[in-house]
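For reference, the structure is listed below as structure tokens.
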Amino acid sequence: IMNTLTFEELRNDTSLKFTDISTEASRRYRYPREEYIVIEAPVALNVSKAGGHRILDGQGVSYYVPRGWIGLSWVAKDGAPHFVK
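The opening residue of the sequence shown carries number 1028 in our numbering; numbering runs sequentially from there.
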């Protein structure tokens, strides 16, 4: 997957604050019954007051991941920190 967007290219016309998560190669949300949402090349993250996650990936796809997941995992890019926030 080619990561084409950078955090600086995020177009945010809201008052929401986003965090740069571009050091992650992928991010995976685990739900009950072994259901997963996998996002490749995530770039930006906003966590809502309700606990939902808004994510922009490197291809320009926007996601809303509702709360209710029971686990979250990610893979850092080669040489990038494993934890950034």
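Each residue gets a CB set at the ideal place from its N, CA and C atoms; glycine is no exception.
Fill in: Residue range of the beta strand (DSSP E) that includes Arg1057
1051-1058
Worksheet item: Given Ile1048, which residues of its chain have a CB within under 6 Å of its CB, disregarding the five upstream and five downstream residues?
Response: Contacts found: Pro1069, Leu1072.
Practice prompt. Over the uninterrupted beta strand (DSSP E) stretch that includes Trp1096, give me the two end residues.
Written response: Here Trp1096 belongs to no beta strand (DSSP E), and DSSP marks it neither H nor E.
Worksheet entry | Range of the contiguous beta strand (DSSP E) that encloses Ser1089 | 1089-1092
Discussion item. Starting from Asp1084, trace the beta strand (DSSP E) in both directions and tell me its first and last residue.
Written reply: 1080-1084
Worksheet item: Where Lys1104 and Ala1052 are concerned, what is the direct C-alpha to C-alpha distance, given to the nearest angstrom?
Response: 5 Å
Discussion item. Determine whether the beta carbon atoms of Ser1075 and Leu1083 lie at a separation below 8 Å.
Written reply: Cβ atoms of Ser1075 and Leu1083: not closer than 8 Å.
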